[in-house]
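Working notes, beginning with the structure itself.
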Amino acid sequence: MEDCGINRNSFYYHFQDLPQLLETVIIESADEIISRIPESFSLEEGLTTVLERLVENKRAIRNIWASPDRAFYEQNLMRVCNYVVSRYIACRSVDLLRTLPEEELALLVDFCQCELFGQVTNWLNQNMVYDIVAHVQALCRLFEGSIAQALEAAPMEA
Numbered sequence: 089m090e091d092c093g094i095n096r097n098s099f100y101y102h103f104q105d106l107p108q109l110l111e112t113v114i115i116e117s118a119d120e121i122i123s124r125i126p127e128s129f130s131l132e133e134g135l136t137t138v139l140e141r142l143v144e145n146k147r148a149i150r151n152i153w154a155s156p157d158r159a160f161y162e163q164n165l166m167r168v169c170n171y172v173v174s175r176y177i178a179c180r181s182v183d184l185l186r187t188l189p190e191e192e193l194a195l196l197v198d199f200c201q202c203e204l205f206g207q208v209t210n211w212l213n214q215n216m217v218y219d220i221v222a223h224v225q226a227l228c229r230l231f232e233g234s235i236a237q238a239l240e241a242a243p244m245e246a
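This note's numbering numbers the first residue of the sequence shown as 89 and each following residue consecutively.
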């Protein structure tokens with residue numbers, strides 16, 4: 089703390105302990121990532137925005153991932169994944185969403201966010217050795233149009 093010019097009393101005035109500081113940093117980072125996502129975007133653009141931020145902070149993320157407080161990071165990673173997928177679907181499929189049952193939409197969002205979360209956690213578990221941005225961009229190209237296809241195949245409300 090002294091290296092940062094903060095004394096112990098000042099730190100504990102704002103935070104109970106280091107895990108609380110870490111939670112604050114994680115929340116602020118997740119909010120900052122969400123704020124970088126443009127109003128209208130392709131899925132690849134939205135995911136690239138998120139993943140580039142993770143790559144920029146590899147060292148910190150590696151330490152958080154190895155810490156006992158990793159669950160809080162996972163929750164916020166899932167929140168960011170949900171935001172990207174929900175916004176993408178909402179921007180691309182306005183007409184279909186009007187007639188799509190809520191359960192079907194929730195199922196599609198859940199599937200896509202869990203896929204993204206799984207890709208990121210797999211990268212983290214493999215010690216971030218491969219280019220996650222290129223990996224997910226390739227997946228986006230492979231599955232291009234699959235969300236629209238799933239929306240069109242879903243049963244519509246009468």
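Note that beta-carbon positions come from the ideal geometry of N, C-alpha and C, so glycine has one too.
Per-residue burial, Ser117 [other beta carbons within 10 Å of its own, 16 or more giving buried] = For the purposes of this step, residue 117 is taken as residue 29 along the sequence shown, with counting starting at 1. Ser117 should be labelled buried.
Using a Cβ-Cβ cut-off of 7 Å, state whether Ser130 counts as contacting chain C.
-> In the displayed structure, chain C is absent; only one protein chain is listed.
How close, in whole Å, do the beta carbons of Val224 and Val172 come, if the pair is a contact with beta carbons under 8 Å?
-> To locate residue 224, count along the sequence shown from 1; it is residue 136. To locate residue 172, count along the sequence shown from 1; it is residue 84. That belief does not hold up - the Cβ atoms of Val224 and Val172 are roughly 11 Å apart, past 8 Å.
State buried or exposed for Asn213, treating a residue as buried only when at least 16 other CB atoms are found within 10 Å of its CB.
-> Locating residue 213 in the sequence shown gives position 125, counting from the first residue. Answer is exposed; the Cβ neighbour count stays below 16.
Residue range of the alpha helix (DSSP H) that includes Gln104 = As a first step, residue 104 must be located in the sequence shown, where it is residue number 16. Premise fails: Gln104 is in no alpha helix (DSSP H) and is neither H nor E.
Touching or not, the region 140–160 and the region 104–115, by the rule of three or more beta carbon pairs under 8 Å?
-> yes
Own chain partners of Tyr176 with C-beta closer than 6 Å, once the 5 adjacent residues on each side are dropped = Position 88 of the sequence shown, counted from the start, is the residue given in the question as residue 176. Answer for Tyr176: Leu131 and Gly134, listed in chain order.
Would you mind listing the beta strand (DSSP E) stretches within the region 173–235 that are 3+ residues and don't spill past its ends, in chain order?
-> none
Residue interval of the alpha helix (DSSP H) (run including Glu133) | For the purposes of this step, residue 133 is taken as the residue at position 45 of the sequence shown. Unbroken alpha helix (DSSP H) run through Glu133: Leu131 to Glu144.
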